[in-house]
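One structure is given here, and the rest of the page talks about it.
Numbering (full-length UniProt numbering), first residue to last: 1 to 399.
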């Protein structure tokens with residue numbers, strides 16, 4: 001008989017109850033709960049409802065990712081300005097799965113990303129496009145993920161530094177591009193790139209933490225800019241920025257933790273991005289990545305909790321049983337299609353969940369060692385090996 005523990009997801013007492021006052025929101029929530037429950041039933045077998053352990057379909061995911069680096073489907077035709085992102089999503093995902101690309105393919109990716117580098121500094125989303133902080137982050141992290149000196153040497157640190165300083169605003173924020181909008185994404189992208197590449201300056205840090213704190217909302221999370229709604233992606237950008245700046249102490253940590261903990265769906269096990277929204281696999285990273293960052297800050301204060309700040313096992317269950325596409329790749333939820341974006345951030349979330357479960361669950365990670373993925377550094381969303389290789393390279397004073 002199976003010795004698998006009872007799954008924690010899909011407990012009847014946590015179903016949505018709208019007390020008969022039907023709304024579009026509650027109707028959709030119930031529909032998704034039914035989808036998740038149907039998906040979970042596939043892991044029950046036998047008259048005694050013995051449990052089947054979910055398996056990470058590693059080979060299928062690797063096949064999907066390696067093919068995507070060569071050619072993407074027609075659904076990606078509108079993402080010409082996100083081609084550097086697609087490189088990062090695919091290469092980082094392969095790293096998490098423990099796969100290193102052949103040197104020739106790494107060289108091809110380096111050559112492509114060099115065509116995205118702007119003469120005035122930074123990277124665009126594709127060849128010949130203007131520099132933008134988001135694809136600059138994606139390009140730098142993609143190059144770091146390749147773990148070769150050739151890749152990191154392709155980054156023009158002098159022009160990159162000038163670009164980052166040009167984006168810095170007097171109020172402490174960063175614009176995404178010349179004449180563009182300023183929001184918390186820009187702050188994170190600029191600081192993460194500067195920190196990894198060893199080009200952080202006092203000017204880049206000046207006023208940044210104070211501006212980020214203005215984005216923390218009454219709910220406890222962070223919005224994209226001051227006075228906007230708290231959102232998972234923005235919360236990560238805010239927390240990670242404060243950690244990079246060593247200024248997390250400025251945040252209202254108690255309200256932040258309450259907001260984050262409440263974003264984990266009690267029935268499905270995954271995370272939502274905002275209050276009263278549906279579960280989405282990508283928030284397996286954007287929300288869950290905040291917990292190890294906060295853990296680290298609490299440990300420095302001698303306040304590290306003995307129990308996890310979120311239920312990592314439930315997140316593992318949602319990812320492995322609801323987010324894997326049968327043909328490889330990961331998706332938002334059972335009725336959605338796979339894509340590179342969700343594959344990257346679901347796998348990143350799985351790495352975080354496994355790091356928690358490995359030390360907090362009696363039986364370790366869900367499914368055992370065959371499901372294990374490579375650990376990540378959540379500050380940059382790079383594998384720890386990629387982050388360490390990049391830091392060592394840039395500390396060597398290449399430029």
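No residue lacks a Cβ here, since even glycine has one placed at the ideal position from N, Cα and C. Only a predicted model underlies this, so the values are computations on that prediction, with no experimental measurement involved.
- In this structure, 263 is the residue among 335, 340 and 263 with its C-alpha nearest to the C-alpha of residue 310.
- Along the length of the region 94-161, whole alpha helix (DSSP H) runs at least 4 residues long occupy 103-116, 133-146 and 149-153, reported in chain order.
- In the three-state reduction of the DSSP assignment, residue 363 falls in the coil class, being assigned neither a helical nor a strand state.
- In this structure, residue 142 keeps its C-beta atom at 7 Å or more from the C-beta atom of residue 110.
- Following the DSSP letters along the chain, one finds residue 67 inside the alpha helix (DSSP H) bounded by residues 58-70.
- Excluding residues up to 5 positions away in sequence, 56, 96, 97, 98, 347, 350, 351 and 354 lie with their Cβ nearer than 8 Å to the Cβ of residue 373 in the same chain.
- Here residue 6 is not near residue 317, since their CB atoms are 7 Å or more apart.
- Taken through DSSP and simplified to helix, strand or coil, residue 289 comes out as coil.
- Measuring C-alpha to C-alpha distances from residue 134 to each of 185, 147, 173 and 119 identifies 185 as the nearest.
- Annotation for residue 25: the continuous alpha helix (DSSP H) segment containing it runs 24-41.
- Secondary structure at residue 210: helix, using DSSP grouped into helix, strand and coil.
- Taking the CA atoms as reference points, residue 247 sits about 7 Å from residue 209.
- When C-alpha distances from residue 387 are compared across 13, 40, 149 and 36, the shortest belongs to 149.
- Going by C-alpha positions, residue 256 is about 24 Å away from residue 206.
- The beta carbon of residue 320 is closer than 6 Å to those of 54 in its chain, skipping five residues each way along the sequence.
- The three-state reading of DSSP puts residue 216 in strand, counting E and B together.
- In this structure residue 284 is buried. Its beta-carbon is surrounded by 16 or more other beta-carbon atoms within 10 angstroms.
- Three or more Cβ pairs closer than 8 Å define a contact, and the region 358-374 falls short of that threshold against the region 329-340.
- Non-local beta-carbon contacts of residue 138 in its own chain, meaning distances under 6 Å to residues more than five positions away in sequence, involve 84, 85 and 88 in chain order.
- Residue 374 carries a coil assignment under DSSP once its states are collapsed to helix, strand and coil.
- The bridge partners DSSP lists for residue 339 are 330.
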